[in-house]
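Quick notes on the structure that follows.
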Amino acid sequence: MDIIYFLAGFGILAGIYGVFTLGLNVHWGYTGLFNIGVAGFFALGAYTAALLTTAPPSPELFEDFVFGGNLANTLQLGIDLWFFVALACAAIVSGVVALVVGAITLRLRDDYLAISTLGIAESVRLMFLNEKWLANGSRGLSDIPKFLGDFVTPKQYDLLYFAVVIIVLAALYFVIQRAINSPWGRVLRAIREDEEATAAAGKNVFRFKLQAFILGAAVMGIGGALYAHGFRYVDPMVFDPLLATFIVWVMLMVGGSGNNLGALMGAFIVWGIWSGTQFLPPEINNPNLRFFLIGFLLVLVIMLRPNGMIGERRRVSEGGT
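With the first letter of the sequence shown counted as 1, position 287 gets the number 291 in the numbering used here; the numbers rise by one all the way through.
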């Protein structure tokens, strides 16, 4: 039975990373938006869900900070919200922040957009790290409520939550797949291929890019909320760019950019390598080995299958040459 519980724990994290790769695929795979600030939307989603479903971490600091406590007495963060409402709020907060950020940064291109999103992600992380009144600083938030409360044992909770993550992941996959196969999604792919030609065809390129940026960010926010309720603890170190941004990029590149199924496959494969190293003999197992294995896999995929294991299927019109 232990192997079943281990696989459930593995599936929870792999599924959550699958949510992040779906969001990043909307940005990069379908629209060509070079976003390396995944960690920022991850943090926003996780902290939103945590703050809405737990008591304020430092009531005294909160009251001292917000106008002597007058507003703090009115605004109660420690309300017991239903789990899926917390997911929705995480998506909304991430989407609203993406709207503001996108309105400023989406007029930039390539490396400038990447630098901007990375800087914003770090700003979000440092805000939660330094503003103790908001999220308890470096100590983080703990005792985040479980889904369905205490009706199940800790081991049974892993099995239950694995099912929840898979259901949410499947729902997001279905929604994104329908959106990408719609006329809206075809415009996104046209922007990715040739932005100027798409604008010449009468499409509002900036508006479509902003919509895609908001959608991808909202999906990442949902992933952050799933993480918070699954592991019941968040702190700023969780959102280190290595584990919260760049590994998601590796997952997308390995699985296949521009293909949602490939994005999910990459998430499970890369996380399988990352977590599987714990079973290696102590003589060869060290923290740097997993970096080497994932880097080796990425190089191997780039050399043998540049489009990923399941790359995007390019469509050619019947009348084309």
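No residue lacks a Cβ here, since even glycine has one placed at the ideal position from N, Cα and C.
Can you tell me where the alpha helix (DSSP H) with residue i in it begins and where it stops?
i    : result
I171 : P158 to I184
G234 : V209 to F235
I195 : P187 to E197
I20  : D6 to L28
Y51  : V42 to T57
Residue i: which of the options sits nearest, CA to CA?
i    : options                   : result
L301 : V179, L284, C93 and I273  : I273
V100 : V254, L214 and N289       : L214
Y237 : G189, N140 and G266       : N140
Y34  : P149, T121 and G262       : G262
V168 : S142, V23, E199 and G315  : V23
L130 : Y51, G259, G36 and D147   : Y51
A175 : I40, F88, F283 and P291   : F88
G123 : A183, A92 and V42         : V42
I314 : F295, I288 and G270       : G270
A294 : T281, V305 and V303       : For clarity, residue 294 is Arg in the given sequence; the question names Ala instead. It is T281 whose Cα lies nearest to the Cα of R294.
S120 : G49, I40 and R309         : I40
K159 : E316, R317 and F14        : F14
I7   : L163, G27 and R143        : L163
D147 : I170, L56, P286 and N208  : L56
V254 : I288, P285, L304 and E287 : L304
L26  : R309, A118, G266 and P286 : G266
K150 : L173, A232 and I96        : A232
G19  : L112, I171 and V209       : I171
P245 : A118, L103 and F296       : A118
I298 : R182, G276 and N289       : G276
Y21  : P285, P286, F250 and N289 : F250
E199 : N292, I108 and L112       : L112
If you count every other CB in all the chains shown that lies within 10 Å of the CB of residue i, and 16 or more means buried, which is it?
i    : result
I226 : buried
S127 : exposed
L17  : buried
Y116 : exposed
M307 : exposed
P240 : buried
N77  : Low confidence applies to N77: its pLDDT is 40, below 50, so where it sits in the model is not reliable, and the reading given next is rough at best. Exposed.
F10  : exposed
T157 : exposed
G72  : Below a pLDDT of 50, predicted positions are generally treated as unreliable, and G72, at 41, falls in that range; the measurement from the model is reported next regardless. The residue is exposed, with fewer than 16 neighbouring Cβ atoms inside 10 Å.
W278 : buried
N264 : buried
G189 : buried
W86  : exposed
L110 : buried
S186 : exposed
A125 : buried
L268 : buried
P310 : exposed
F283 : exposed
A102 : buried
A94  : buried
F296 : exposed
L138 : buried
I184 : buried
L152 : exposed
Tell me, to the nearest whole angstrom, how far the beta carbon of residue i is from that of residue j; I am working on the premise that it is less than 8 Å.
i    : j    : result
T58  : L145 : 6 Å
F166 : A12  : 4 Å
L230 : F212 : Between F212 and L230 the Cβ distance is about 28 Å, and since that is not below 8 Å, they are no contact.
L256 : W32  : 7 Å
G312 : G259 : 5 Å
L48  : G228 : 7 Å
L91  : F217 : Going by Cβ atoms, the distance from L91 to F217 rounds to 20 Å, so no, they are not a contact pair.
L28  : V252 : 6 Å
V105 : V223 : About 15 Å; that fails the 8 Å criterion.
S98  : F155 : Going by Cβ atoms, the distance from S98 to F155 rounds to 29 Å, so no, they are not a contact pair.
For chain C, find out if any of its Cβ atoms is closer than 9 Å to the Cβ of residue i; answer yes or no.
i    : result
N134 : Here there is only one protein chain, and chain C is not present.
Any alpha helix (DSSP H) of 4 or more consecutive residues that is wholly inside the segment 237-306: For the segment 237-306, the continuous alpha helix (DSSP H) assignments of 4+ residues that do not extend past its boundaries occur at 251-259 and 264-280, in sequence order.
Ranges of the alpha helix (DSSP H) found wholly within the segment 106-138, counting only runs of at least 4: 115-134
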